[in-house]
Ligand SMILES: NC(=O)c1ccc[n+]([C@@H]2O[C@H](COP(=O)([O-])OP(=O)(O)OC[C@H]3O[C@@H](n4cnc5c(N)ncnc54)[C@H](OP(=O)(O)O)[C@@H]3O)[C@@H](O)[C@H]2O)c1
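Residue numbers (our numbering): -9 to 304.
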């Protein structure tokens, strides 16, 4: 498994990370417990060293608890997200008091004296005005209770503000249908030494190219609310751009999509979202092992195809 530097943090992690939202059952529907265990263990066996979670993935922090139980702590890096208080309204809370309480609970579930990376979980722009929040993150870092902090950012403005506040890591959606925010941030990421976790690399499964335009989703699968029938049809048609690039080292559309993300050297890790160990194996196999993930002519063909198919990247 190839490794990449995490910006200025001094950490080095596998360029493929295991995300645990899908495994939690909250996002796409339930996953048997035994399959969750198998997928985490398989990730470790494959050499994945970065694991992405949140205190709200699974009931009562179930995914953090799983990772705490199954990961070899010395050989793995965990990034968890805090700032969602399911017992309050509004649910988002980034005050230093709340975050500290949430941090201690995560620390216990993850069974780590030092929680490697803490990310603020989808904060609003206004949350950045509270100096005490960032004072707390600095103190936790000074006391070696975290190694780095960052922000899971929902849009460009939040990401930009997080960089201004001195974050070490940004986690953002990045894939060949949704690339504009990350492309705009590119130079800033580099000059400030900010690591980038690219998530939703398959655009919630769409880019694997297995769906017909009539595909339907049902709650609690979050995709039930994501696209209306017309939008889904348009998206499925736009997949022609990826289909045209399948071949050679990229034998599937999933492979083209994953390699597009890995080809960007600003990406520190692609956060995968498998729902079982078979999907994980497919993703690792399709990702390739080293640059060029997509040869320059294929990348040029893909970008031209996306443009021709009306993909705007947002
Ligand atoms: N705000 C945030 O911080 C945030 C938000 C979203 C995600 N994340 C993190 O990023 C991770 C990944 O996010 P995501 O769920 O959006 O990722 P994604 O990779 O875009 O989508 C995951 C979905 O793709 C499909 N898939 C996965 N492997 C496949 C394979 N081998 N072949 C075909 N289809 C496959 C599965 O859906 P099917 O049911 O169709 O098989 C799966 O549920 C999450 O687990 C989480 O850790 C963070």
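Positions of the beta carbon are idealized from the N, C-alpha and C atoms, including for glycine. Model, not experiment: these values are computed from the prediction.
DSSP-derived helix/strand/coil call for residue i
i: residue 139; result: strand
i: residue 180; result: helix
i: residue 74; result: strand
i: residue 189; result: strand
i: residue -7; result: strand
i: residue 116; result: helix
i: residue 93; result: helix
i: residue 291; result: helix
i: residue 172; result: helix
i: residue 26; result: helix
i: residue 8; result: strand
i: residue 236; result: coil
i: residue 285; result: coil
i: residue 34; result: helix
i: residue 69; result: strand
C-alpha distance - residue i paired with residue j, whole-angstrom precision
i: residue 303; j: residue 40; result: 27 angstroms
i: residue -8; j: residue 6; result: 8 angstroms
i: residue 78; j: residue 88; result: 11 angstroms
i: residue 2; j: residue 67; result: 9 angstroms
i: residue 142; j: residue 109; result: 6 angstroms
i: residue 93; j: residue 83; result: 13 angstroms
i: residue 10; j: residue 42; result: 6 angstroms
i: residue 283; j: residue 271; result: 17 angstroms
i: residue 21; j: residue 285; result: 36 angstroms
i: residue 237; j: residue 246; result: 9 angstroms
i: residue 256; j: residue 190; result: 16 angstroms
i: residue 0; j: residue 180; result: 15 angstroms
i: residue 203; j: residue 243; result: 16 angstroms
i: residue 315; j: residue 205; result: Past the edges of the chain, shown from -9 to 304, lies residue 315, and the structure says nothing about it.
i: residue 51; j: residue 294; result: 43 angstroms
i: residue 196; j: residue 226; result: 7 angstroms
i: residue 90; j: residue 123; result: 9 angstroms
i: residue 99; j: residue 107; result: 14 angstroms
i: residue 119; j: residue 153; result: 14 angstroms
i: residue 200; j: residue 145; result: 28 angstroms
i: residue 222; j: residue 278; result: 29 angstroms
i: residue 149; j: residue 33; result: 29 angstroms
i: residue 262; j: residue 274; result: 9 angstroms
i: residue 117; j: residue 132; result: 22 angstroms
i: residue 159; j: residue 113; result: 14 angstroms
i: residue 161; j: residue 186; result: 6 angstroms
Residues of its chain near residue i, where Cβ-Cβ distance is below 6 angstroms and the 5 sequence neighbours each way are ignored
i: residue 48; result: 14
i: residue 97; result: 105
i: residue 215; result: none
i: residue 130; result: 136
i: residue 127; result: 139
i: residue 71; result: 44, 109, 111, 142
i: residue -6; result: 5, 258
i: residue 234; result: 295
Contacts around residue i, its chain only, beta-carbon distance under 7 angstroms, and the 5 residues preceding and following it disregarded
i: residue 309; result: A query on residue 309 cannot be resolved here, the shown segment of the chain reaching from -9 to 304 and no further.
i: residue 157; result: 139, 140, 141, 184
i: residue 26; result: 13, 56
i: residue 29; result: 13, 264, 266, 267, 270
i: residue 65; result: 39
i: residue 134; result: 104
i: residue 182; result: 153
Delimiting residues of the beta strand (DSSP E) encompassing residue i
i: residue 4; result: 2 to 4
i: residue 106; result: 105 to 111
i: residue 41; result: 40 to 42
i: residue 159; result: 159 to 163
Unbroken alpha helix (DSSP H) run spanning residue i, endpoints
i: residue 52; result: 52 to 60
i: residue 121; result: 121 to 132
i: residue 261; result: Looking at the DSSP string, residue 261 is not in any alpha helix (DSSP H); the run it does join, the beta strand (DSSP E), is 259 to 262.
i: residue -1; result: Segment: none, residue -1 is in no alpha helix (DSSP H) and carries neither H nor E.
i: residue 243; result: 243 to 252
i: residue 223; result: 219 to 228
i: residue 146; result: 146 to 154
i: residue 272; result: 267 to 277
Contact test: residue i Cβ vs ligand 2 heavy atom, cutoff 7 angstroms
i: residue 161; result: Although ligand 2 was asked about, the structure shown includes only ligand 1 as ligands.
Chain-order list of residues whose beta-carbon lies under 8 angstroms from that of residue i (same chain, five-residue window excluded)
i: residue 63; result: 101, 102
i: residue 241; result: 276
i: residue 167; result: 193, 196, 197, 225, 228, 296, 301, 303
i: residue 165; result: 188, 190, 191, 192, 193, 197, 247, 250, 251
i: residue 174; result: 146
i: residue 115; result: 147, 148, 151
i: residue 61; result: 30, 34, 41, 68
Any C-beta of chain B under 8 angstroms from that of residue i
i: residue 224; result: Looking for chain B here will not work: only one protein chain is present.
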